[in-house]
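Q:
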Amino acid sequence: MAKRSVAFPFSRLLLSHVFKNPMDAIFHGFPPSSRNPNLSLLGALFCSTSSSRDVRNLLAELKIEKQFMESVSDEQSIDVNITSNVRENGLEEALSLYEEMVGSGIFPDVVTYSSILYGLCKHGKLSEGKLLLREMEKMGMHPNDISYSILLDALFKARKIKEALMTLGCMIVRGNSFDLIACTVLIDGFFKNGGIKEAEYIFNNLYQLNLVPNSITYSVLIDGRCKLGDINGAESSLHEMEEKDCVPNVITYSSMINGYVKKGMLWNAFNVLRKMVHKNVMPNIFTYAILLDGSFKAGWQDIALDLYNKMKQRGLKDNVLILDAFVNNLKRSGRMEEAEDLIAKMESGGLIPDLVNYTNLMDGFLKSGKESSALNLAQELISKNVVFDVVAFNVLINGLFKLGKCDTESIYKVMGDLGLSPDSATYNTMINGNFKKGNWETAVQLWNEMKSRKLVPSAITCNLMINGLCEAGRIENAINIVKEMVVMGLYPTLITYRILLNASSKSRRADTILQVHKLLVDLHLEVNKDIYNILISNLCKLGMTRKATAVLKDMEKRGILADTITYNALIQGYCISSHLKRAFITFSTMLSEGVSPNIETYNLLLGGLSKAGLIREADDLLNEIKKRGLVPNACTYETLMCGHCKVGNTKEALRFYCEMVIKGFIPRAGAYNTLIGYFSKMGKMSQAKELMKEMQRKGVSPTSSTYDILICGWCKLSKMPELDRTSKVSYRAEAKRLLNEMNDRGFVPCERESVNEVKFNVFCLFIIIQAMLLIKRELQLHALGNLLVYSGRVNMLVQKVKVLERNCLKVGKMKNGEIELCIQKSGENTSCMVFFAYNA
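Below you can see the structure in the form of structure tokens.
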């Protein structure tokens, strides 16, 4: 076999890395009149361009196709075709060419092997990829850095961390250089698999390896930090990148935008968009998809549509992510027919929806109660040979559970109709669904059935069981599952620890919490800073700061230093127990130890000051936050807004609300309730009503408290003596409307006087019967419509009616429209009032 010239692979790599448009590279350095391009570079065109057909058309146009074909050897021709087919997703054809090549006694070079390896990994054929790597070694071809990086990336994506680390070890032992590509793959892989410390460690040590991070490395770091919610860290990386003249690209900016959107900081996200356009970095379809989805979620419908129109004006075509943003938006408002029509319209326009699009559509159908539509869609997908993934199947099963189709037989029947058989993911979904329904015994049966079918439970299954049993109050059973985990070779994870510690914290006993901690440590739980932080945090949330301080000392004895999370937990504990002075002493200790506070630290202190009514000191602390360069978040504004409301400073509260909204934050329901409550208290019900409309426009659903506050406010206003009859009737009608809406949403009114008065005085026509009852005598009432029953004195009406009604229904005493209620008297001849009411 003739020796392969290194010129051809070098030309290929040079072309793919230097020239953005390979087609333009043919004539690079040649005058327009010249029709004799560099033939070695033409060879590289096959693997660097997106279509081999384009190359052949161009060669024909240049009238040099024959000349070109004669200039390359057989192995070069096959080599080029293999790489081209991999790029065009023609993996099967590429593999066929590879077999033809080897069968003819022509052996590919490392670049061709890497191309095939990339194709196999891209198509999820990881085991075949590993076999190919071994075959390379048998052929005497040593995998290079690119080959190993491709395999490492695929292993990380498949969450096979141990195999990835073993592959990394092989790479180093065999003398391959630990270059920037490999390091970037490792940083990305660790971030995506929870290895945050490892990812940060590799990045921080790049310079020691004589490696300088480029825009891709920084983009991976920024993306990882954003997905973890570390916006400050991501911003710091972006500034560092710009200071070092490393130009951010569209991926870098898109990662920042995604981070801001996930944090609800839409204003910041749009600022990044403006910044990137100003720097001539044009947003791509993914950037627009992130902003569209975020805008729709925030209730910014007009802004989202305007953004979409600008995207279309720029010539960008819709993709599945854009479709997903629109489908999710329609799903949130229950407009499923429009969502279905949109998908059909996109399909007719040439866009092929993916499984995620269909999964969202199916989820929407199930949430709207359209079970048959969801199942029809599922059957349609199966007929199209679309393989259900874990998410799609979970959506289907969870939807059926919520619709009451939660028995095992029904699930198995649906699976049979869809041609599916139960696997670990199926059992996970069914176990989780039964726990949510309160059927913990059925969940345990499924756990045992799963093991009997020789399906090995994963850490996810075990944690589902532990969490479900803990929520059902079966902590002993949950601990037994942990012991089973250890026997199966699975050790308690951070998630396991958090679940069990949270469950033990419900006892509000420090000895119980510490006992669970010791038990898990004895069961091979790896004790690290995260474990200690969870323990300290749980103790502090219960106000057990002394026990938490003792744990901190033990932590320091083991050589584990406290970090921001540790100090935040202690500060929170002191604020909860109203030891504000100690909270600030801990804050000072934190600074003296060189531990940097974050925005959460300040939010906790602000909350403590607001709770104590020290609003001026809270405003001073806000100035300190800004001096430190920290950016106030939604929690900061909500805390200050509520604090000012508490002291009656409405003007400042509204100022913070406006500033919060302008900066792209969406207040939570609790923050809206505080403002609504203030206006209701002051009798300004029109403003309170408008605030409720505003929260709904922004996509924030009113809570039970929202309705309680408003109903009480309208009732109180209707009692004003100076009101005319028309106004009183109008206000009571508004209260009635809100209570109906509240009931329709499934909310239970709280036991407030005004709420219960509305039931009797506004909604119901009621008759009062006074009677003298003896001990143990029973009173039987016949229900017409929604019958409400009360016994006791008139002035006690508002306290007992709801409780008695609930008890009647709970014990199942309502049969055939009849309620039986035993009224026990504290003494003979006790006077009682019995109310029975009908809907007006």
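FYI, the UniProt record's numbering numbers position 290 of the sequence shown as 290, with every residue one higher than the one before it.
Heads up, the beta-carbon is just placed ideally off N, CA and C, and yes, glycines get one too.
(1) Taking only the alpha-carbon atoms, compute the straight-line gap between Ser48 and Val250 and give it to the nearest angstrom.
(2) Since Ala499 and Ile466 should fall inside the 8 Å C-beta cutoff, what is the C-beta to C-beta distance between them, to a whole number of angstroms?
(3) Are the beta-carbon atoms of Val634 and Pro667 separated by less than 8 Å?
(4) With a threshold of 16 other CB atoms inside 10 Å of the CB of Thr589, please say whether the residue is buried or exposed.
(5) Apart from the five residues just before and just after Val636, which ones in its own chain have a Cβ nearer than 8 Å to its Cβ?
(6) Out of curiosity, what's the CA-to-CA distance linking Met139 and Lys122?
(7) In terms of residues, what are the limits of the alpha helix (DSSP H) holding Glu409?
(8) I need the DSSP call for Ser50, collapsed to helix, strand or coil.
(9) Using the Cβ count rule (16 or more neighbours within 10 Å means buried), how would you classify Ile78?
(10) Would you call the stretch 696-709 and the stretch 721-735 touching, i.e. three or more CB-CB distances under 8 Å?
(11) Is the stretch 270-290 touching the stretch 682-696, taking contact as three or more C-beta pairs under 8 Å?
(12) So, does the stretch 202-210 touch the stretch 157-171, judging by three or more C-beta pairs under 8 Å?
(13) Buried or exposed: Cys226, going by 16 or more other Cβ atoms within 10 Å of its Cβ?
(14) State the DSSP-derived secondary structure class of Trp300, mapped to helix, strand or coil.
(15) Please state if the CB of Leu291 and the CB of Leu316 are separated by a distance shorter than 8 Å.
(16) I believe Thr217 touches Ser254 by the beta-carbon criterion, under 8 Å. Please report the beta-carbon distance rounded to the nearest angstrom.
(17) So which of Asp293, Asp511, Gly334 has the shortest CA-CA distance to Ile322?
(18) If you run the structure through DSSP and keep just helix, strand and coil, what is Thr650?
(19) With burial defined as no fewer than 16 other Cβ atoms inside 10 Å of the residue's Cβ, what is the status of Ile146: buried or exposed?
(20) Is Val527 helix, strand or coil when you go by DSSP?
(21) Measure the beta-carbon distance from Leu266 to Gly664 and round it to whole angstroms, keeping in mind my assumption that it falls under 8 Å.
(22) Ignoring anything shorter than 4 residues, give me the alpha helix (DSSP H) runs that lie fully in the stretch 696-731, in order along the chain.
(23) Please state if the CB of His524 and the CB of Tyr491 are separated by a distance shorter than 8 Å.
(24) Check for me: the alpha helix (DSSP H) holding Tyr201 runs from which residue to which?
(25) Select from Lys384, Ser236, Thr512, Asp563 the residue whose C-alpha is nearest the C-alpha of Asn528.
(26) Look at the alpha carbon of Arg134 and the alpha carbon of His142, and state the distance between them as a whole number of angstroms.
(27) Going by CA-CA distance only, name the one from Lys367, Gly594, Asn319, Ala374 that's closest to Lys345.
(28) Tell me which residues share the same chain as Glu70 and place their Cβ nearer than 7 Å to its Cβ, disregarding the 5 neighbours each side in the sequence.
(29) Could you name the residues of the same chain whose beta carbon sits closer than 8 Å to that of Val6, not counting the 5 residues immediately before and after it, in chain order?
(30) In the DSSP assignment, find the unbroken alpha helix (DSSP H) run with Gln445 in it and report its ends.
(31) Between Leu377 and Met362, which are expected to be in contact by the criterion C-beta below 8 Å, what is the C-beta distance as a whole number of angstroms?
(32) Between which residues of its own chain and Asn398 is the CB-CB distance below 7 Å, once the five residues before and five after are set aside?
(33) Here's the rule I'm using: 16 or more other beta-carbon atoms within 10 Å means buried, otherwise exposed. How should Asn568 be labelled?
(34) Is it true that the CB of Ile187 sits closer than 8 Å to the CB of Phe178?
(35) For Ala653 and Leu640, what's the separation of their Cα atoms in angstroms?
(36) Could you name the residues of the same chain whose beta carbon sits closer than 8 Å to that of Gln687, not counting the 5 residues immediately before and after it, in chain order?
A: Taking the geometry as given:
(1) Note that Ser48 has pLDDT 42, beneath the 50 cutoff, so the model's placement of it is unreliable and the number below is only indicative. Going by the C-alpha atoms only, they are around 21 Å apart.
(2) The amino acid at residue 499 is misidentified as Ala; the sequence shows Ile. Yes, Ile499 and Ile466 are in contact; Cβ-Cβ is about 5 Å, under 8 Å.
(3) Looking at the sequence shown, residue 634 is not Val but Ala. Taking 8 Å as the Cβ cut-off, Ala634 and Pro667 qualify as a contacting pair.
(4) exposed
(5) First, the amino acid is wrong: residue 636 is Thr here, not Val. Excluding residues within five positions, the ones whose Cβ falls inside 8 Å are Ile599, Tyr602, Asn603, Leu606, Leu622, Ile625.
(6) 24 Å
(7) 408-417
(8) Here Ser50 scores only 41 on pLDDT, less than 50, and its place in the model should not be relied on; the value that follows carries that caveat. Here Ser50 sits in coil by DSSP.
(9) Confidence in Ile78 is poor, its pLDDT being 44 and thus under 50, which makes the residue's placement too unreliable to answer from.
(10) no
(11) no
(12) no
(13) buried
(14) coil
(15) Not in contact: Leu316 and Leu291 (Cβ atoms no closer than 8 Å).
(16) With 8 Å as the limit, Thr217 and Ser254 do not qualify as a contact, their Cβ atoms being about 16 Å apart.
(17) Asp293
(18) Three-state DSSP puts Thr650 in a helix.
(19) buried
(20) coil
(21) 3 Å
(22) 704-718
(23) yes
(24) Its alpha helix (DSSP H) spans residues 196-204.
(25) Asp563
(26) 10 Å
(27) Asn319
(28) For Glu70, the predicted structure reports a pLDDT of 46, less than 50, and the residue's modelled location is therefore unreliable. A value from the coordinates is still provided. The same chain holds no residue with a CB closer than 7 Å to that of Glu70 once the five nearest residues on each side in sequence are set aside.
(29) The predicted position of Val6 is uncertain, since its pLDDT is 30 and thus under 50; a value taken from the coordinates is nonetheless stated next. The answer is none, since no qualifying residue turns up.
(30) 440-452
(31) 5 Å
(32) Thr429, Gly433
(33) buried
(34) no
(35) Pairing Ala653 with Leu640, the inter-Cα distance amounts to about 7 Å.
(36) Phe679
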